[in-house]
Amino acid sequence: MKTVKNSELMSLCDRVKEQLSHNAYTACIQDICYAMYEHPDAPEPHNLMGILLERQNDHSGAMRHFRAALDLDPTYLPARENMMNYASLAVAAPQCKFCYADCAGGK
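Counting from 83, one number per residue, gives the positions in the sequence shown under our numbering.
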């Protein structure tokens, strides 16, 4: 069961990354909200929603979702790095962390 969940969430990360590259925000919202419903204890959908909200210039909403992801899993590195990068005024255009593979030393 956990392998299926991980596979679904990795697929979600890849799909949202692709959708955002084409500015398909409506499709992103639908996919992310469905994942939040199906996996209420997973940090991935909240991290992805944070990225989407940052793209839509909703900084406070994005930070709430990054924090929610970290509340669900305090070890979830992508949300931690996104929160630090987007909270920093020194970073003009931070690199989004969609999944562990996007993080330094990611798996």
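Positions of the beta carbon are idealized from the N, C-alpha and C atoms, including for glycine.
Quick check on K99: does DSSP put it in helix, strand or coil? Here residue 99 is taken as the residue at index 17 of the sequence shown, counted from 1. Looking at K99 - three-state DSSP - the assignment turns out to be helix.
Start-to-end residues for the alpha helix (DSSP H) that takes in A142: Reading the sequence shown from its first residue, position 60 is the one you call residue 142. In the sequence as displayed, the identity of residue 142 is Ser instead of Ala. First-last of the alpha helix (DSSP H) with S142: H141 to L154.
So, does the region 161-168 touch the region 135-150, judging by three or more C-beta pairs under 8 Å? yes
Just checking my contact of C110 with Q101 at CB under 8 Å: how many whole Å lie between their CB atoms? The residue you call residue 110 lines up with position 28 of the sequence shown. The residue you call residue 101 lines up with position 19 of the sequence shown. At roughly 5 Å, the Cβ-Cβ gap stays under 8 Å, so C110 and Q101 are in contact.
Which class does D184 belong to by DSSP, given the choice of helix, strand or coil? Position 102 of the sequence shown, counted from the first residue, corresponds to residue 184. Taken through DSSP and simplified to helix, strand or coil, D184 comes out as helix.
How far does the alpha helix (DSSP H) with P125 in it extend, from its first residue to its last? By one-based count along the sequence shown, residue 125 stands at place 43. No alpha helix (DSSP H) contains P125, which DSSP labels as neither H nor E.
Mind checking P156: buried by the 16 CB within 10 Å criterion, or exposed? Taking the sequence shown and counting its residues from 1, one reaches residue 156 at position 74. When all chains shown are included, P156 counts as exposed.
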